[in-house]
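Data block below; observations after.
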Amino acid sequence: MSSENVRDVIIIGSGPAGLTAAIYTARANLAPLVIEGEPSSTSDQPGGQLMLTTEVENFPGFPDGVMGPELMLKFREQAARFNAEFITEKVTKVDFSARPFKVWVRDEMHLAKSVIVSTGAQSLMLGLENEQRFYGHGLSSCATCDGFFFKGQEIVVVGGGDSAIEEASFLTKFATKVTLVVRRDVLRASKIMQQRAKDNPKIEIKWNSQVTELFGTEKLAGVGLTDTVTGEKSKLDVTGLFVAIGHRPNTDLFKGVLDMLDNGYLKTKSGSSYTNIPGVFACGDVQDHTYRQAITAAGSGCMAAIDCERWLESQH
Ligand code: NDP
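Numbering-wise (this note's numbering), the sequence shown opens with residue 1 and increments by one.
So this is what it looks like as structure tokens:
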């Protein structure tokens, strides 16, 4: 099955980046088609990572905070108001080798003069049974977003890389104590970050340990640890758990198609959203492993829409 209609633009992904690109391209009369993802999925869900959070207090314009899912609903409504169209499924295949570009949803092919890729990234998680239930209720993967909610509390951070130490250091502004749980007896983090952790009196490192259990009813009330050498079990009565074991960009669809960095993030030309294929743009977390904030993703979605609009104009 295929649609004969060649669209001006297809947007893949519907987090803050994709929906901002949708608002801008819709208002530029480009009638975007947003392929927004699959509701049952935790990596490709419509709305992106904010659908997994609770309160967002740092998105400008909401002085009293806003719930992540509600914020994404507002983004979507704003795009729909200007006639962006949505398909609530995920893209299964792309072919960017010739124009018009081809984008498939199952066996249905869609054609477009340009494509904006905003498929986001996902935090790697521990894979514990009740992890999803506690997400946003004591369990988080973003200290910048959620640290403030843990004022005066004790927190565990899992991971031994630069992210874990950065998160742990940031969290000491709020927490009374941060225990860094490291699965080996060495840190992967750079020397300077290691020193920062060791110099911070509020950070204690628990070596050779893995979080293997989560306790609590409505909210997280403690974590169970297993010693990775002896197998010995222990418990920490903490109310916060931050998992900082890395992120994975959602770029499987684009392997061998779009240029990527070694860590799998899409490469964009500096200061723009241009990928290596003219007419294909990337924005949001799928191309940003540094900032990863809703507001920076939204900003880059706006950049992609403007780049796309100007590029389409230049083709006529
Ligand atoms: P990394 O891959 O560097 O580190 C991941 C850490 O998590 C490692 O310590 C790893 O342990 C641990 N880990 C992985 N899986 C598990 C698991 N299932 N259970 C417990 N622990 C686990 O990821 P980061 O996100 O820290 O960093 C990504 C990149 O970003 C790096 O290049 C980093 O340098 C960079 N970065 C730089 C910053 C800065 O300079 N300010 C800040 C943040 C990131 P193990 O070592 O045993 O594999």
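Ideal Cβ positions, reconstructed from N, Cα and C, are used throughout, including at glycine.
**Report entry** DSSP bridge partner residues for arginine 7 (one or two, in chain order)
**Finding:** In the sequence shown, residue 7 corresponds to position 7, counting from 1. Per DSSP, Ala112.
**Report entry** Same chain only: Cβ atoms within 6 Å of aspartate 44, ignoring 5 sequence neighbours per side
**Finding:** As a working mapping, residue 44 is identified with position 44 in the sequence shown. So the list reads Gly37, Glu38, Lys90, once near-sequence residues are dropped.
Query raised in the report: Residue ranges of each beta strand (DSSP E) run of no fewer than 3 residues wholly in the stretch 179–215, ordered along the chain?
Result: If you keep only unbroken beta strand (DSSP E) runs of at least 3 residues inside the stretch 179–215, you get 203–206.
Report task. Express the C-alpha separation of valine 182 and threonine 320 in angstroms, rounding to a whole number. Result -> Because the chain is modelled from 1 through 316, residue 320 falls outside the range shown and cannot be assessed.
Requested in this report: Kindly identify the DSSP beta-bridge partner or partners of methionine 51.
Outcome: Translated into the one-based positions of the sequence shown, residue 51 becomes position 51. Answer is none; methionine 51 lacks a bridge partner.
Query raised in the report: In whole angstroms, what is the alpha-carbon distance linking methionine 109 and threonine 53?
Result: Along the sequence shown, read from residue 1 onward, the residue named residue 109 stands at position 109. Along the sequence shown, read from residue 1 onward, the residue named residue 53 stands at position 53. Answer to the nearest angstrom: the Cα atoms are 33 Å apart.
Query raised in the report: Looking only at C-alpha atoms, which of Cys145, Gly152, Thr228, Cys302 sits nearest to aspartate 185?
Result: For the purposes of this step, residue 185 is taken as the residue at position 185 of the sequence shown. Closest option to aspartate 185, Cα to Cα, is Thr228.
**Report entry** Bridge-paired residues (DSSP) for aspartate 227
**Finding:** Position 227 of the sequence shown, counted from the first residue, corresponds to residue 227. According to DSSP, which records beta bridges pairwise, aspartate 227 is partnered with Ser209.
Report task. Identify whether arginine 99 lies in helix, strand or coil by the three-state DSSP scheme. Result -> Reading the sequence shown from its first residue, position 99 is the one you call residue 99. Correct three-state label for arginine 99: coil.
**Report entry** Residues near phenylalanine 75 in its chain [Cβ-Cβ closer than 6 Å; skip 5 each side]
**Finding:** Here residue 75 corresponds to residue number 75 of the sequence shown, with the count starting at 1. Once the five neighbours on either side are set aside, the close Cβ partners of phenylalanine 75 are Leu19.
Query raised in the report: Which parts of the stretch 11–90 are runs of the beta strand (DSSP E), unbroken and 3 residues or longer, counting only runs that do not cross its ends?
Result: 33–35, 85–87
Report task. Indicate the three-state DSSP secondary structure (helix, strand or coil) for alanine 175 in the structure shown. Result -> For this step, residue 175 is matched to residue 175 along the sequence shown. DSSP places alanine 175 outside both helix and strand once states are collapsed to three, so it counts as coil.
Report task. Answer with buried or exposed for glycine 301, where buried requires no fewer than 16 other C-beta atoms within 10 angstroms of its C-beta. Result -> Position 301 of the sequence shown holds residue 301. Per the 10 Å Cβ criterion, buried.
Query raised in the report: At a cut of 8 Å, does the stretch 70–88 reach the stretch 11–26 through at least three beta carbon pairs?
Result: yes
Query raised in the report: Between aspartate 162 and the ligand NDP, is the CB less than 7 Å from at least one heavy atom?
Result: On the sequence shown, position 162 is the one that residue 162 refers to. Result yes, Cβ under 7 Å from the ligand NDP.
Query raised in the report: Can the beta-carbon of valine 103 be found less than 8 Å from the beta-carbon of isoleucine 11?
Result: Stepping through the sequence shown from its first residue, residue 103 is reached at position 103. Stepping through the sequence shown from its first residue, residue 11 is reached at position 11. Cβ distance not < 8 Å, so valine 103 and isoleucine 11 don't count as in contact.
Query raised in the report: Which whole-angstrom value is the C-beta distance of threonine 172 and lysine 202, which I expect to be below 8 Å?
Result: Locating residue 172 in the sequence shown gives position 172, where the first residue counts as 1. Locating residue 202 in the sequence shown gives position 202, where the first residue counts as 1. About 4 Å separates the two Cβ atoms, so the contact holds.
Query - beta-carbon glutamine 319 near the ligand NDP non-hydrogen atom, thresh 7 Å - result: Here the chain covers residues 1 to 316 and nothing more, so residue 319 does not appear.
Query raised in the report: In whole angstroms, what is the alpha-carbon distance linking valine 56 and methionine 193?
Result: Counting from 1 along the sequence shown, the entry for residue 56 is found at position 56. Counting from 1 along the sequence shown, the entry for residue 193 is found at position 193. Distance between valine 56 and methionine 193, taken at the CA atoms: about 28 Å.
Query raised in the report: First and last residue of the alpha helix (DSSP H) that includes serine 338?
Result: Lying before the first or after the last residue shown, residue 338 is absent from the chain, which here runs from 1 to 316.
Report task. Would you check if the stretch 116–123 and the stretch 279–294 touch, i.e. whether three or more CB-CB distances between them fall below 8 Å? Result -> yes
Query raised in the report: Can we count valine 158 as close to the ligand NDP, meaning its CB is less than 7 Å from some heavy atom?
Result: By one-based count along the sequence shown, residue 158 stands at place 158. Result yes, Cβ under 7 Å from the ligand NDP.
Query raised in the report: Which word fits arginine 292, buried or exposed, when buried means at least 16 other C-beta atoms lie within 10 angstroms of its C-beta?
Result: Start at 1 with the first residue of the sequence shown, and residue 292 comes out as number 292. When all chains shown are included, arginine 292 counts as buried.
Report task. Compute the distance between the beta-carbons of alanine 244 and valine 156, then report whether it is under 8 Å. Result -> Numbered from 1 along the sequence shown, position 244 holds the residue referred to as residue 244. Numbered from 1 along the sequence shown, position 156 holds the residue referred to as residue 156. A distance of 8 Å or more separates the beta carbons of alanine 244 and valine 156.
Query raised in the report: Nearest to phenylalanine 148 by alpha carbon, out of Ser14, Ala175, Ile277?
Result: Here residue 148 refers to the residue found at position 148 of the sequence shown. The shortest Cα separation from phenylalanine 148 among Ser14, Ala175, Ile277 belongs to Ala175.
Query raised in the report: Among Gln287, Pro63, Phe254, Arg99, which residue has its Cα nearest to the Cα of alanine 112?
Result: Counting from 1 along the sequence shown, the entry for residue 112 is found at position 112. When only C-alpha atoms are compared, the closest one is Arg99.
Query raised in the report: Going by Cα to Cα distance, which pick from Ser14, Gly224, Asn263, Thr275 is closest to leucine 128?
Result: In the sequence shown, counting from the first residue as 1, residue 128 sits at position 128. Cα-wise, what sits closest to leucine 128 is Gly224.
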